[in-house]
Each structure stands twice: as structure tokens, then as C-alpha cells.
Amino acid sequence: MVSELSSLIHNLVLDNPVPAKDLAKAIGKPYSTLLREVNPYDAGAKLGAETLLQIMIQTGDTKPLEYMAGKLGYTLVSSKGEVPHITPGAFQASSASSSASSAASPAFEEKSASGRSKRA
Numbered sequence: 188m189v190s191e192l193s194s195l196i197h198n199l200v201l202d203n204p205v206p207a208k209d210l211a212k213a214i215g216k217p218y219s220t221l222l223r224e225v226n227p228y229d230a231g232a233k234l235g236a237e238t239l240l241q242i243m244i245q246t247g248d249t250k251p252l253e254y255m256a257g258k259l260g261y262t263l264v265s266s267k268g269e270v271p272h273i274t275p276g277a278f279q280a281s282s283a284s285s286s287a288s289s290a291a292s293p294a295f296e297e298k299s300a301s302g303r304s305k306r307a
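Just so you know, we're using the numbering used here here: the sequence shown kicks off at 188 and counts up by one.
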């Protein structure tokens, strides 16, 4: 049985303004590997979380994240004030890896015993 999430990701890769071959190149995967990993009928290949993140960054489409958040009882809201899952139209080939790494490691603040903030 094919899950909704698997079908959603498969459709995202194949039916978006970024051609699947260009998407594969931008995320650093061979085209055939990407298609196998997102194929909902191929039980032998799995899509990793990092690859899914890169797919969403490159396409600008957050539908898989919205789906997962909804299943966990959450609502996804963009901190940039953008409407989620709208493809911005620009293909982000080189900036995606740098923005993904900076987004993945936000600075956290915690208060010390004296009440002053310190950055982690």
C-alpha cells in the first residue's frame, strides 16, 4: 500500500517547475537514484530526511512538511510571512546548501544564573 506522504513526495519531484533532472543535479544525486528514492512502489529504496529537505529547498514547496506537521497535530506557519507550499519560481541551485546549513544550526540563547543572556 502506498502512503499519502510517499505519493506527495513523488508528485512533488515529478510535477513542479524544476525539472527532475535539474533537481537531482542541484541536490547532488544521480537522476536515477532520486527517482528510485521517491518511487512509492520501490520498497528497496528509501528517501533520507536530508534529501527531502533539499527537495523542499530547491522546489520551494513545503507540502511534505505541512503533511507531517498536520499528522502530528501541528500547523506549519512560515516565519517569513510567506504562504507555505508556494513555489517561488526561482531555482536555488547554489545557495540552497548554504541556506540549509545556516537554517539547520540556529543560535540559541540561554540565561545564566546572573540573568544575562549568553549565546550557545
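C-beta atoms are modelled at their ideal positions from N, C-alpha and C, and glycine is treated no differently.
Given a cut-off of 7 Å on the beta-carbon distance, is the pair residue i and residue j in contact?
i           : j           : result
residue 194 : residue 227 : yes
residue 221 : residue 211 : yes
residue 196 : residue 251 : yes
Assuming residue i is part of the alpha helix (DSSP H), what are its boundary residues?
i           : result
residue 264 : It is not in any alpha helix (DSSP H) - residue 264 carries neither H nor E in the DSSP assignment.
residue 194 : 191 to 201
residue 259 : Premise fails: residue 259 is in no alpha helix (DSSP H) and is neither H nor E.
residue 218 : 218 to 225
To the nearest whole angstrom, what separates the beta carbons of residue i and residue j, a pair I think is in contact under 8 Å?
i           : j           : result
residue 242 : residue 200 : 6 Å
residue 263 : residue 253 : 5 Å
Rounding to the nearest angstrom, what Cα-Cα distance links residue i and residue j in this structure?
i           : j           : result
residue 209 : residue 261 : 32 Å
residue 281 : residue 203 : Only weak support exists for where residue 281 lies, its pLDDT of 41 falling under 50; the value from the coordinates is given anyway. Straight-line Cα distance between these residues: approximately 19 Å.
residue 246 : residue 192 : 17 Å
residue 229 : residue 223 : 7 Å
residue 205 : residue 258 : 27 Å
residue 237 : residue 248 : 15 Å
Classify residue i as helix, strand or coil using the three-state DSSP reduction.
i           : result
residue 233 : coil
residue 249 : coil
residue 205 : coil
residue 188 : coil
residue 211 : helix
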